[in-house]
Amino acid sequence: MNIELRFFATFRKAVGQKVVEREYADDATVGDVLAAIESEWPELVGEILDNDGDIQPQLSILKNGREVVHIDGTETELDDGDRLSVFPPVAGG
């Protein structure tokens, strides 16, 4: 299946562009895709997933605009054409 990946702020800088499209297995989950992202861009290793394979608590990962932590977390299923957005921690006042 084809998934559109969107990166923001420091993650966009690490990837080198805002939007990337990649092919994944038809049964890929959000966790599979996030692990593949860390594998493809080594500077992101440990920035997205923790040592247990869970999403780092300060991140926002959205599937088609909805936080995956409110769906099934890393076990969230994906469909062809889905958009996965990866936001680093945001600070400010």
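Convert by adding 3 to the 1-based position in the sequence shown; the result is the number in the numbering used here. Every residue, glycine too, gets a C-beta built ideally from N, C-alpha and C. As the structure is a computational prediction, the values presented were derived from the model and not from experiment.
Beta-ladder partner(s) of residue i, from DSSP
| i | result |
| --- | --- |
| I74 | The partner list for I74 (beta bridge, DSSP) is empty, contrary to what the question assumes. |
Outcome for residue i when other beta-carbon atoms lying within 10 angstroms are tallied against a minimum of 16
| i | result |
| --- | --- |
| S42 | exposed |
| V33 | buried |
| V18 | buried |
| P45 | exposed |
Distance, residue j Cα to residue i Cα
| i | j | result |
| --- | --- | --- |
| F11 | L62 | 11 Å |
| G68 | V48 | 24 Å |
| I58 | M4 | 22 Å |
| D29 | G84 | 11 Å |
Beta-carbon separation (whole angstroms), residue i vs residue j, contact threshold 8 Å
| i | j | result |
| --- | --- | --- |
| L81 | V36 | 7 Å |
| R9 | V93 | So it is not a contact: roughly 15 Å between Cβ atoms. |
| Y27 | I6 | 6 Å |
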